[in-house]
Every structure is written in C-alpha cells, then in structure tokens.
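Below you'll find the structure, written out as structure tokens, and then a few comments.
In the working numbering, the protein residues as written are 328 to 513.
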C-alpha cells in the first residue's frame, strides 16, 4: 500500500496528537514498553491492541475507525512481510533437516549393508558352539601352543554362498577373541 510501516504510522499518529509514549500507553491501556516496542518494530500488534491504540488516538469514533482501518492495513502488510520471511526461513530449515536425514539414511544404509555382508552372529555361533573350536580357545587361553590351522578343522563358514578362506576365518577368530576380551574387562 505504502512505503510507511505500521511502526512509523503509529509514531506519526502519536506525534500528530502531541502524545508521549507514556501518555498513549495510559490512554490505550497498553503498557509503555509494548507501545515503545511497536513503534520500534520489535513487536507486531494484535487486533485488540490496534483497537485500543485507535481509540486512544481518535478524537471521535469516526477518526478512531479510520485510524483502526489504516493500522490494520499497515499491520497486515508488516505481517505478510514477516510471514514471507518466516516461510523462507522455515523452508531453509526443512531443507537442512532433509539433508541431515539423508546423511543419516546413508549411514543407516551403509550399516545395513555391512550387516548383510557379514552376519557376525553366524560366525560367532561357529566359534562359541563348536566343541572343537571351544577346546582350541581353551588351550590358547591356557597358554598352550595350538597350530594355527587346528581350530579351523571341520568348520565351513559361508558368506554370500561362498566358503570363507582360512585367512578370513582367522580374522573372524581374532575379532571374536577381541570382543570376548572387551566383555571380560567390563
């Protein structure tokens, strides 16, 4: 509508009527601090505040209605600007949230992929339930010499339909031993 904002319009009206902020606050029943914040553009008025200020600024009912209409127009323009700014800010926040959730989804997908690649529980079952393997672990734990291939005798662990190599099974064994040590330390 105009290049003047609600805050400027309110201040001009108050000054035209030779009212101080304190006097306008007293006449309208709106706190001094709130009127000051309205004039500085720090707060936006509600319809009740607009009506109270219009009544305080108008010398008669017709003038008060005119002030009220103008204040509502200026207030609405300010509100639309604020809403547009808020919509833009919230849109940016939503975009950032989506980007963050995509990163989390990627991490979850990678974790799921790793779980599907190697079912650790399957491997742990071989190391903890097979009697031969259990005995080999006991011997090692006691400090006895055990041939590196002894614990692999009779064990076939498959992954994606293929048997694991001796090196892969040994790597799993070291992993299991490390996990057991950690658990025993806790």
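Here a beta-carbon is modelled for each residue, glycine too, at the ideal position from N, C-alpha and C.
Contact under 7 Å by Cβ, residue i with residue j
i           : j           : result
residue 348 : residue 359 : yes
residue 366 : residue 338 : yes
residue 379 : residue 363 : no
residue 385 : residue 334 : no
For residue i, the residue or residues it bridges with in DSSP
i           : result
residue 489 : 486
Alpha carbon of residue i to alpha carbon of residue j, nearest angstrom
i           : j           : result
residue 497 : residue 507 : 15 Å
residue 510 : residue 425 : 38 Å
residue 420 : residue 381 : 38 Å
residue 471 : residue 486 : 31 Å
residue 343 : residue 336 : 10 Å
residue 346 : residue 412 : 33 Å
residue 492 : residue 499 : 11 Å
residue 383 : residue 370 : 19 Å
residue 512 : residue 416 : 50 Å
residue 330 : residue 423 : Residue placement at residue 330 is flagged as unreliable, the pLDDT there being 46, under the threshold of 50; the coordinate-derived value follows with that caveat. Using only the alpha carbons, I get a separation of about 34 Å.
residue 501 : residue 490 : 18 Å
residue 488 : residue 495 : 15 Å
residue 388 : residue 418 : 43 Å
residue 464 : residue 503 : 11 Å
Residue i beta carbon near the ligand SAM (any heavy atom closer than 6 Å)
i           : result
residue 345 : For the ligand SAM, the structure offers nothing, since it holds no ligand at all.
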